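Below is one structure, written out as structure tokens; the observations come after it.
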Amino acid sequence: QVQLVESGGGLVQPGGSLRLSCAASGSRFSINAMGWYRQAPGKERELVATITRSSTIKYADSVKARFTISRDNAKNTVYLQMNSLKPEDTAVYYCWTSYVVGQYWGKGTPVTVTT
Numbered sequence: 003q004v005q006l007v008e009s010g011g012g013l014v015q016p017g018g019s020l021r022l023s024c025a026a027s028g029s030r031f032s033i034n035a036m037g038w039y040r041q042a043p044g045k046e047r048e049l050v051a052t053i054t055r056s057s058t059i060k061y062a063d064s065v066k067a068r069f070t071i072s073r074d075n076a077k078n079t080v081y082l083q084m085n086s087l088k089p090e091d092t093a094v095y096y097c098w099t100s101y102v103v104g105q106y107w108g109k110g111t112p113v114t115v116t117t
């Protein structure tokens with residue numbers, strides 16, 4: 003059973019930073035891609051950033067130059083460094099992994115950007 007354990011969400015002021023982490027376990031298959039999606043209240047879930055095993059990266063336009071995704075293949079862990087946070091970044095952030103046998107989601111970690 004694949005498990006994704008997310009950490010690092012919280013409350014931060016505009017302009018602040020947070021770092022999200024997500025560790026995957028429970029599969030004998032290698033992870034193809036990992037990433038982060040987010041869902042704000044009343045909105046659909048949207049892509050934030052993804053990274054493949056060979057480190058091909060994709061960002062949403064709204065987070066380019068502010069967020070940085072990285073991964074540690076040996077630890078099956080993906081990170082999201084979020085800088086210059088804005089109130090519109092407020093959302094529940096979900097970890098996502100893609101294996102050859104399917105895709106999995108974490109339970110989500112809330113990020114709130116407010117004064």
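Per my numbering, numbering of the sequence shown is gapless, rising by one per residue and ending at 117. All C-beta atoms, glycine included, are put in the ideal place defined by N, C-alpha and C. Note that this is a predicted model, so its numbers are computed, not measured.
Practice item. Round the Cβ separation of Gly28 and Ile53 to the nearest angstrom and send it over; I've been treating them as touching at under 8 angstroms. Key: By 1-based counting over the sequence shown, the position of residue 28 is 26. By 1-based counting over the sequence shown, the position of residue 53 is 51. Gly28 to Ile53, Cβ: 20 angstroms. No contact.
Check your understanding: Can you name the residues that DSSP bridges to Gly104?
Key -> Along the sequence shown, one-based indexing puts residue 104 at 102. According to DSSP, which records beta bridges pairwise, Gly104 is partnered with Tyr101.
Point to revise | 7 angstroms Cβ shell around Ser86 - same chain, five flanking residues per side excluded | key: Indexing the sequence shown from 1 puts residue 86 at position 84. So the list reads Gly17 and Arg68, once near-sequence residues are dropped.
Review point. Is there at least one Cβ from chain C nearer than 8 angstroms to Gly18's Cβ?
Key: The question asks about chain C, but that chain is absent: this structure has only one protein chain.
Exercise for review: Measure the alpha-carbon distance for Trp98 versus Ser32 and round it to whole angstroms.
Suggested key: Residue 98 sits at position 96 when you count from the first residue of the sequence shown. Residue 32 sits at position 30 when you count from the first residue of the sequence shown. One C-alpha to the other measures close to 14 angstroms.
Check your understanding: In terms of alpha-carbon separation, which member of Ser23, Arg40, Ala35 and Leu49 lies closest to Ser56?
Key -> For this step, residue 56 is matched to residue 54 along the sequence shown. Put simply, of Ser23, Arg40, Ala35 and Leu49 the residue whose alpha carbon is nearest the alpha carbon of Ser56 is Ala35.
Review point. Using a Cβ-Cβ cut-off of 7 angstroms (strictly less than) and excluding sequence neighbours within five positions of Thr114, which residues of its own chain qualify?
Key: For the purposes of this step, residue 114 is taken as residue 112 along the sequence shown, with counting starting at 1. Counting only Cβ-Cβ distances below 7 angstroms, and skipping sequence neighbours, we find Leu13 and Thr92.
Exercise for review: Could you name the residues that DSSP lists as bridge partners for Gln5?
Suggested key: In the sequence shown, residue 5 corresponds to position 3, counting from 1. For Gln5, which the question treats as bridged, DSSP gives the partners Ser27.
Exercise for review: Work out the CA separation of Val94 and Gln41 for me, nearest whole Å.
Suggested key: Position 39 of the sequence shown, counted from the first residue, corresponds to residue 41. Position 92 of the sequence shown, counted from the first residue, corresponds to residue 94. Those two C-alpha atoms are separated by around 5 angstroms.
Check your understanding: Would Arg30 be called buried (16 or more neighbouring beta carbons within 10 Å of its own) or exposed?
Key -> Working through the sequence shown from its first residue, we reach residue 30 at position 28. Classification for Arg30: exposed.
**Study point:** Nearest-angstrom beta carbon gap, Leu20 and Asp107 [assumed within contact, 8 angstroms]
**Key:** For the purposes of this step, residue 107 is taken as residue 105 along the sequence shown, with counting starting at 1. For the purposes of this step, residue 20 is taken as residue 18 along the sequence shown, with counting starting at 1. Per the sequence shown, residue 107 should be read as Trp rather than Asp. Wrong, their Cβ atoms sit about 20 angstroms apart, outside the cutoff.
Check your understanding: What separation, rounded to the nearest whole angstrom, lies between the Cα atoms of Leu47 and Tyr61?
Key -> On the sequence shown, residue 47 is found 45 positions in, with the first residue counted as 1. On the sequence shown, residue 61 is found 59 positions in, with the first residue counted as 1. Note that residue 47 is Arg in the sequence shown here, rather than Leu. Between Arg47 and Tyr61, the C-alpha separation is close to 14 angstroms.
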